[in-house]
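Asker: Chains as they are written, first to last, in UniProt numbering: chain A, 1 to 561; chain B, 1 to 561.
Where a beta carbon is used, it is the ideal one built from N, C-alpha and C, also for glycine.
1) Would residue 3 of chain A be called buried (16 or more neighbouring beta carbons within 10 Å of its own) or exposed?
2) Are the Cβ atoms of residue 358 of chain A and residue 298 of chain A separated by less than 8 Å?
3) Could you confirm whether any beta carbon from chain A is found closer than 8 Å to the beta carbon of residue 3 of chain B?
4) Quick check on residue 302 of chain A - is its C-beta less than 8 Å from some C-beta in chain B?
5) Along the chain, where does the alpha helix (DSSP H) that runs through residue 331 of chain B open and close?
6) Entirely within the segment 397-438 of chain B and at least 4 residues each: give me those alpha helix (DSSP H) ranges in chain order.
7) Sorted by chain position, which residues of the same chain lie with C-beta nearer than 8 Å to residue 254 of chain A's C-beta, five sequence neighbours on each side aside?
8) Quick one, which residues of the segment 367-390 of chain B are near chain A if we go by CB-CB under 7 Å, in chain order?
9) Would you mind sorting residue 486 of chain A into buried or exposed? The rule is 16 or more other CB atoms within 10 Å of its CB.
10) Comparing the C-beta of residue 411 of chain B with each C-beta of chain A, is any distance below 8 Å?
11) Using a C-beta cutoff of 8 Å, does residue 405 of chain A count as contacting chain B?
12) Rounded to whole angstroms, what is the Cα-Cα separation between residue 141 of chain B and residue 181 of chain B?
13) Determine the closest residue to residue 220 of chain B out of B:347, B:63, B:332, B:378, with distance taken between C-alpha atoms.
14) Quick one: is the Cβ of residue 470 of chain A within less than 7 Å of any heavy atom of the ligand COA?
15) So, helix, strand or coil for residue 28 of chain A, using DSSP?
16) On the premise that residue 59 of chain B lies in contact with residue 92 of chain B, defined as a C-beta separation below 8 Å, what is that separation, rounded to the nearest angstrom?
17) Quick one: using the 10 Å Cβ neighbour count with 16 as the cut-off for buried, is residue 184 of chain A buried or exposed?
18) For residue 190 of chain A, which residues in chain D fall below 9 Å Cβ to Cβ?
19) Only counting the same chain, and skipping five residues up and downstream in sequence, which positions put a Cβ closer than 7 Å to that of residue 274 of chain A?
20) Under 8 Å between the Cβ atoms of residue 476 of chain B and residue 537 of chain B?
21) My output table needs one value for residue 151 of chain A: the three-state DSSP class, helix, strand or coil.
22) As an exercise, report each continuous alpha helix (DSSP H) stretch of at least 4 residues that is fully enclosed by the segment 215-277 of chain B, in chain order.
23) Between the beta-carbon of residue 335 of chain A and the beta-carbon of residue 234 of chain A, is there less than 8 Å?
24) Does residue 6 of chain A come within less than 8 Å of chain B when only Cβ atoms are used?
25) Give me the Cα-Cα distance between residue 440 of chain A and residue 18 of chain A, rounded to the nearest whole angstrom.
26) Spatial neighbours of residue 304 of chain A within its chain, please: C-beta separation below 6 Å, excluding the five flanking residues on both sides.
27) Suppose you measure from the CA of residue 480 of chain B to the CA of residue 527 of chain B; what does that come to, to the nearest Å?
28) Beta-carbon of residue 197 of chain B versus every beta-carbon of chain A: anything under 8 Å?
29) Could you list the residues in the segment 196-227 of chain B with a C-beta less than 9 Å from some C-beta on chain A, going in chain order?
30) Alpha carbon to alpha carbon, what distance is there between residue 109 of chain B and residue 8 of chain B?
31) Touching or not, the segment 411-419 of chain B and the segment 20-33 of chain B, by the rule of three or more beta carbon pairs under 8 Å?
32) Quick check on residue 165 of chain A - is its C-beta less than 8 Å from some C-beta in chain B?
33) Report the rounded CA-to-CA distance for residue 161 of chain B versus residue 193 of chain B, giving the unit in angstroms.
34) Would the segment 429-444 of chain A count as touching the segment 228-242 of chain A if we require 3 or more Cβ pairs under 8 Å?
35) Since residue 143 of chain B and residue 377 of chain B are thought to touch, with beta carbons under 8 Å apart, how far apart are those beta carbons, to the nearest angstrom?
36) Starting from residue 144 of chain A, find everything on chain B with Cβ-Cβ shorter than 9 Å and list it in chain order.
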């Protein structure tokens with residue numbers, strides 16, 4: 001056997017997404033020209049990404065290295081871990097995907113929706129699976145999170161074990177039927193020797209141990225026990241444990257259950273098929289029948305707990321929902337915490353519901369929510385179980401990653417062995433040392449409708465400007481040889497100010513454009529369209545800012561003849 | 001090899017102390033006529049045990065079975081785990097004792113004080129020690145608590161592993177130099193299969209994860225950083241980590257340190273010898289020199305954080321301390337929580353200190369204390385690590401044991417496999433089943449000065465009555481043949497009310513006694529002393545209760561001639 005080159009002795013670890021952000025998790029572990037990919041998520045756009053449906057990663061690193069890819073291993077079925085799969089498969093058909101039963105069912109639905117079922121091989125795994133990839137192998141350990149079937153991943157390489165925790169909390173008393181975290185297996189990895197730990201940083205700013213889901217169940221039971229009217233229960237569709245806990249209480253109270261929202265319907269269908277959920281006959285009723293059941297015998301399960309404008313709950317709140325109007329006596333339970341950035345939207349929905357007469361119960365006040373991610377004590381517990389030589393915080397914004405490395409240092413990982421990385425940074429690690437040696441492009445790619453990557457930051461910036469100050473267009477037909485203005489200039493605007501109510505402003509703006517065109521022809525010898533455009537933009541922007549302190553996008557539309 | 005009788009196949013597990021109480025921990029694990037004893041503690045008397053110094057266990061079960069005892073294994077050096085050793089050795093000399101370095105040093109001091117060094121063999125152990133006792137062997141696992149060198153104990157029997165956790169929290173970031181809990185070893189025991197888990201129940205009522213000692217260090221540093229005057233720092237002498245954290249900050253601030261209180265002096269001496277504490281030359285000063293150092297350059301470490309009346313701090317608070325009087329600008333830090341039952345005494349000391357002009361900083365408000373025992377999350381973590389077949393909560397009052405069994409059930413130990421026991425109850429357990437089959441005497445024994453066991457509950461009850469309402473004695477010299485009262489009756493009282501200020505009450509009481517004696521002779525033919533005593537007690541008790549609503553102990557003292 002020939003001596004291997006230095007390069008092949010290192011494991012190369014990188015994030016395609018998931019570092020410096022919450023969302024679009026995707027990591028790759030490379031050894032000797034073979035790559036194991038872990039997760040493929042989307043990120044939900046923040047409020048400033050106007051008109052964008054999702055954000056995914058730029059997959060060009062994987063496309064370039066397509067022949068090295070051994071497979072895509074999925075930790076769990078949340079969108080920020082599986083949502084990118086359809087977009088990846090369009091660019092890289094034929095990848096083998098390995099996932100637990102629930103995640104697999106959710107992926108299957110996605111592939112069916114997108115007509116991609118033939119573009120990959122789906123393989124069901126559980127925590128006892130071993131993926132034998134030759135020099136590398138992959139094993140798993142059971143964790144707990146806000147969705148069942150959550151796995152941590154251990155990639156065994158000749159240089160040592162690379163552990164990626166997936167999303168986790170240590171829920172030591174998970175709700176019925178779900179197993180506790182496999183502490184023994186984690187400790188065994190620690191005893192065997194973990195080279196690099198890549199661990200979930202989401203709650204690195206929370207100093208405590210996250211409450212068990214069971215604890216939330218108790219609160220939900222107490223709260224629902226005191227409600228006499230109709231209950232509208234909103235949570236993440238993926239939080240099947242939560243849906244089960246609320247459903248169990250509703251069933252005990254003899255309530256029928258109606259489900260609103262496409263993702264909630266899909267989640268409940270999957271949950272029933274996989275045995276996580278169980279509804280007695282005739283408990284689930286059709287949305288159209290909700291008004292046939294008296295309020296005290298009804299619970300509505302719905303999406304929209306994040307204030308999403310098109311979700312059922314927002315439409316209920318603003319009175320535009322077809323089947324449901326709030327009546328006094330209704331109680332709406334938000335069994336969730338607003339993701340930062342959604343707070344305003346959620347508050348807007350809560351206000352709407354309360355104004356319509358509902359009683360609204362939400363997270364922090366009432367213990368009707370707990371995080372799916374472990375706090376500092378659990379992050380330290382993972383560190384102490386794994387006892388890694390090197391540490392790389394993942395799944396978090398910069399400040400979370402930073403705090404997580406401080407925790408690692410308190411747990412005896414030397415500071416120089418902790419790596420706060422960015423998407424695209426490549427960490428080379430072997431049994432002796434680790435360093436960041438390379439970087440590949442891994443920027444955001446925006447998904448807008450069906451288009452991927454046809455929208456860049458410049459487009460988003462324009463949408464931001466449009467959303468803030470609107471646009472003003474100036475049209476004129478100009479004879480380019482003479483400078484004669486044959487028609488116009490006409491001014492129209494969208495999202496700016498009510499021009500009609502400011503007749504003077506329009507008149508003056510028209511005059512500004514007129515003079516700008518005339519001046520252009522006076523001062524220049526060979527006037528072309530772009531010179532006119534520039535002159536109009538300058539003149540109109542200055543004038544409008546001067547009069548209104550706004551900066552609408554100015555669009556000159558010269559028809560040259 | 002002959003078939004063993006059924007009896008020898010069972011492991012017999014019992015507590016000699018520690019169940020239904022916080023204190024005097026002592027457990028025994030018996031297999032095939034051999035006994036491993038774990039810990040030998042005292043209990044500090046509660047307020048209603050008047051005049052009692054300590055409470056220990058009745059050791060008669062061990063005395064009867066002296067030939068079976070293999071050794072006494074110590075989990076850590078707190079008084080409620082080692083304090084009973086001198087009393088045990090007086091009754092059972094020659095026992096082998098196994099303990100970690102710090103506990104061993106503390107035991108050694110006790111034995112020297114009591115002249116008992118020749119009565120046992122002391123053996124130093126650490127978490128890697130294996131005690132080979134033939135059919136049984138004992139191994140250890142490192143835990144964390146409020147004293148260094150804390151071990152959990154695993155007794156390996158042919159029927160399975162019996163784990164006794166000792167006192168523990170999961171301090172995942174212990175202060176400098178101390179190791180974290182050995183999660184890998186605990187998980188390995190769980191993988192190998194734990195037959196019975198006996199686990200610390202102290203904080204079963206606290207739903208959270210107990211804060212790390214390091215967190216307290218940060219608070220102490222912040223608080224001490226803002227103090228300009230003299231600092232008086234009070235904590236348990238055994239809490240060496242706490243003493244180290246306060247000392248480190250004081251040293252950084254250029255303060256000299258004076259130590260008050262015998263147990264604090266001993267703790268610091270041991271801590272230095274064993275390497276847990278380190279003071280630069282000339283940092284520690286003699287108590288007599290405290291007034292030679294300016295306040296901003298001095299910290300006083302002292303005992304008395306529980307309000308003990310004879311401890312340094314109480315004497316400082318009430319102005320009877322020889323060297324130290326409180327002056328304005330002094331800050332007293334209570335780095336402890338009052339043990340329930342001591343709250344009133346602690347408040348009394350705090351009031352005294354504040355009245356004298358000190359600024360007092362205490363536990364809950366300022367994060368200057370954290371418990372040494374794990375909360376519910378840590379108790380569940382221990383259960384999940386050990387995955388026991390049977391469970392027996394130890395180290396706690398009944399309600400704590402009760403809640404702890406509920407946690408065990410949430411962690412998948414069946415209810416019928418959980419045993420809430422009392423001191424003296426014997427649990428027989430084999431690899432298939434467990435049941436309580438026997439009970440031996442294991443009552444409290446009171447230590448009052450040098451006497452052990454010469455004080456029983458009746459004496460304590462009398463002390464209670466005396467302490468509540470005092471005593472009233474009636475003396476008279478009576479000629480028994482005639483009934484003539486030769487002198488008296490005289491009335492004297494202690495702890496009742498100021499009789500002198502109630503001349504009328506005395507006069508009337510004398511008359512009651514006089515009439516009672518006379519009536520006795522009138523109505524009875526053969527009057528004896530006990531008849532007179534009874535008559536006097538009845539008369540005087542009724543009269544005094546009628547007039548004062550108090551029930552002093554009435555002591556008739558008839559001198560019969």
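Answerer: Short version:
1) Position 3 of the first chain, counted from the start, is the residue given in the question as residue 3 of chain A. Note that residue 3 of chain A scores 44 on pLDDT, short of 50, meaning its location in the model is unreliable and no value can be drawn from it.
2) By 1-based counting over the first chain, the position of residue 358 of chain A is 358. By 1-based counting over the first chain, the position of residue 298 of chain A is 298. The answer is no: Cβ separation not under 8 Å.
3) The count along the second chain starts at 1 and reaches residue 3 of chain B at position 3. Reliability of the predicted coordinates at residue 3 of chain B is poor, the pLDDT of 45 falling under 50, and no value is obtained from them.
4) The residue you call residue 302 of chain A lines up with position 302 of the first chain. False, the Cβ-Cβ gap to chain B never drops below 8 Å.
5) The sequence position of residue 331 of chain B within the second chain is 331, counting from 1. Where residue 331 of chain B is concerned, there is no enclosing alpha helix (DSSP H), although the beta strand (DSSP E) it sits in stretches over 331-334.
6) DSSP runs (the alpha helix (DSSP H)) wholly in the segment 397-438 of chain B: 398-410.
7) Locating residue 254 of chain A in the first chain gives position 254, counting from the first residue. The answer, listed in chain order, is 297.
8) 377, 380, 381, 384, 385
9) Counting from 1 along the first chain, the entry for residue 486 of chain A is found at position 486. Residue 486 of chain A comes out exposed.
10) As a position in the second chain, residue 411 of chain B is number 411, starting the count at 1. At least one chain A Cβ lies under 8 Å of residue 411 of chain B.
11) Position 405 of the first chain holds residue 405 of chain A. False, the Cβ-Cβ gap to chain B never drops below 8 Å.
12) As a working note, residue 141 of chain B is residue 141 in the second chain. As a working note, residue 181 of chain B is residue 181 in the second chain. For residue 141 of chain B and residue 181 of chain B, the distance between alpha carbons rounds to 8 Å.
13) The residue given as residue 220 of chain B occupies position 220 in the second chain. For the residues B:347, B:63, B:332, B:378, the minimum Cα distance to residue 220 of chain B belongs to B:332.
14) Absence of the ligand COA is noted for the structure shown, with no ligands found whatsoever.
15) Numbered from 1 along the first chain, position 28 holds the residue referred to as residue 28 of chain A. Strand.
16) The residue given as residue 92 of chain B occupies position 92 in the second chain. The residue given as residue 59 of chain B occupies position 59 in the second chain. About 7 Å separates the two Cβ atoms, so the contact holds.
17) Translated into the one-based positions of the first chain, residue 184 of chain A becomes position 184. Buried is the call here.
18) No chain D is part of this structure, whose protein chains are labelled A and B.
19) Residue 274 of chain A sits at position 274 when you count from the first residue of the first chain. So the list reads 101, 102, 105, once near-sequence residues are dropped.
20) Taking the first residue of the second chain as 1, we reach residue 476 of chain B at position 476. Taking the first residue of the second chain as 1, we reach residue 537 of chain B at position 537. No; because the gap between Cβ atoms is not below 8 Å, this pair is not in contact.
21) Reading the first chain from its first residue, position 151 is the one you call residue 151 of chain A. In the structure shown, residue 151 of chain A sits in a strand (DSSP, three-state: E or B).
22) 240-252, 262-273
23) Within the first chain, numbered from 1, the residue matching residue 335 of chain A stands at position 335. Within the first chain, numbered from 1, the residue matching residue 234 of chain A stands at position 234. Yes; because the gap between Cβ atoms is below 8 Å, this pair is in contact.
24) Your numbering for residue 6 of chain A matches position 6 in the first chain. Caution applies to residue 6 of chain A, whose pLDDT of 48 falls short of 50 and renders its modelled position unreliable; the value that the coordinates give is listed next. For residue 6 of chain A, the answer is no, since every Cβ of chain B falls outside 8 Å of its Cβ.
25) Residue numbering aside, residue 440 of chain A sits at position 440 when the first chain is read from its first letter. Residue numbering aside, residue 18 of chain A sits at position 18 when the first chain is read from its first letter. Cα to Cα, residue 440 of chain A sits roughly 15 Å from residue 18 of chain A.
26) Numbered from 1 along the first chain, position 304 holds the residue referred to as residue 304 of chain A. Only residues of its own chain outside the window of five on either side were considered, and among them 234, 311, 312, 313, 314 have a CB closer than 6 Å to the CB of residue 304 of chain A, listed in chain order.
27) As a first step, residue 480 of chain B must be located in the second chain, where it is residue number 480. As a first step, residue 527 of chain B must be located in the second chain, where it is residue number 527. Distance between the alpha carbons of residue 480 of chain B and residue 527 of chain B: 7 Å.
28) Within the second chain, residue 197 of chain B is the residue found at index 197, counting from 1. No, its Cβ sits nowhere closer than 8 Å to a Cβ of chain A.
29) 207, 208, 209, 211, 212, 214, 215
30) Walking along the second chain from the start, residue 8 of chain B turns up at place 8. Walking along the second chain from the start, residue 109 of chain B turns up at place 109. Because the pLDDT of residue 8 of chain B is 48, which lies under 50, any placement of that residue in the model is unreliable, and the number read from its coordinates should be weighed accordingly. Cα to Cα, the separation comes out at about 38 Å.
31) Taking 8 Å as the limit for Cβ pairs, the verdict is that the segment 20-33 of chain B does not touch the segment 411-419 of chain B.
32) By one-based count along the first chain, residue 165 of chain A stands at place 165. Interface flag for residue 165 of chain A against chain B is unset, since no Cβ pair is found closer than 8 Å.
33) Position 161 of the second chain, counted from the first residue, corresponds to residue 161 of chain B. Position 193 of the second chain, counted from the first residue, corresponds to residue 193 of chain B. If I take the Cα positions, the gap works out to 7 Å.
34) No, they do not touch.
35) Residue 143 of chain B sits at position 143 when you count from the first residue of the second chain. Residue 377 of chain B sits at position 377 when you count from the first residue of the second chain. That pair is no contact at about 15 Å.
36) The sequence position of residue 144 of chain A within the first chain is 144, counting from 1. From the beta-carbon of residue 144 of chain A, no residue of chain B is found nearer than 9 Å; the closest lies around 11 Å away.
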